[in-house]
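Heads up: the structure comes next, in structure tokens.
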Amino acid sequence: MLPDPALVKERITPYIDQRGPDECWPWTASCCPGGYGKIKIKQKTYSAHRLAHYAAHGWIDANLNVNHTCIGNRPCCNPAHLYQGTQRQNILDMHAQRRWVYGENHHAGKRHSYAVVTAVRERATAGESVPAIARDLGIPLGTAYDYARGRSRKYAA
Ligand SMILES: [Zn+2]
Numbered sequence: 016m017l018p019d020p021a022l023v024k025e026r027i028t029p030y031i032d033q034r035g036p037d038e039c040w041p042w043t044a045s046c047c048p049g050g051y052g053k054i055k056i057k058q059k060t061y062s063a064h065r066l067a068h069y070a071a072h073g074w075i076d077a078n079l080n081v082n083h084t085c086i087g088n089r090p091c092c093n094p095a096h097l098y099q100g101t102q103r104q105n106i107l108d109m110h111a112q113r114r115w116v117y118g119e120n121h122h123a124g125k126r127h128s129y130a131v132v133t134a135v136r137e138r139a140t141a142g143e144s145v146p147a148i149a150r151d152l153g154i155p156l157g158t159a160y161d162y163a164r165g166r167s168r169k170y171a172a
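The opening position of the sequence shown corresponds to residue 16 in my numbering, with each subsequent residue numbered one higher.
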């Protein structure tokens, strides 16, 4: 059984970076390999976000996961971002997150116009150093190397 909610609250509060009510509250102590915060109370290790939910509500359903509404932010311990749900809901959230991350990359300017790709390739072929080209065009060095090698097809026509 879980310790008393008041004790739990007392133990976890110093490790939670409490920000604005809508912001994420990061766990500042150690985290599990999966990224969730963890804490030991009376020789038992618990997930920090699970305890945060428990301390805020005073009870927890042992059969349910504590999931995040701020998807992907596993160390977050803001009770307003935590809800109890099934593992299945958690998995659905993870899929949604992956789509989100992919979409974010897609819009983060990783695609360049064909003109930029060509310019990198031509200047590199002409003997100009790739870092100089990257600096000049304001694109990431790794991307410039890809374009110079003609390896990337990530450009819009
Ligand atoms: Zn959060």
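Backbone N, C-alpha and C define an ideal beta-carbon position, used for all residues, glycine too. Predicted, not measured: the structure shown is a model, and the values here were computed from it.
Proximity winner among the options, relative to residue i (alpha-carbon distances)
i   : options               : result
P36 : C91, I75, D76         : C91
E25 : K53, V135, A70        : A70
H68 : K57, K59, E143, G52   : G52
T10 : R164, G157, P146, T60 : Here the chain covers residues 16 to 172 and nothing more, so residue 10 does not appear.
P48 : R89, G142, W74        : R89
Environment of residue i [buried if 16+ CB atoms lie within 10 Å]
i    : result
H72  : exposed
A130 : exposed
L42  : The amino acid at residue 42 is misidentified as Leu; the sequence shows Trp. When all chains shown are included, W42 counts as buried.
Rounded straight-line distance, which links the Cα of residue j to that of residue i
i    : j    : result
L66  : N78  : 14 Å
H96  : S62  : 15 Å
K57  : R150 : 55 Å
L22  : R103 : 31 Å
I86  : P155 : 28 Å
N105 : N80  : 8 Å
G153 : E137 : 16 Å
Residue i CB to nearest heavy atom of ligand 1 below 7 Å
i   : result
H96 : yes
C46 : no
N82 : no
N88 : yes
Residue i: CB within 7 Å of a non-hydrogen atom of ligand 2
i   : result
N93 : Ligand 2 is absent from the structure shown, which contains only ligand 1.
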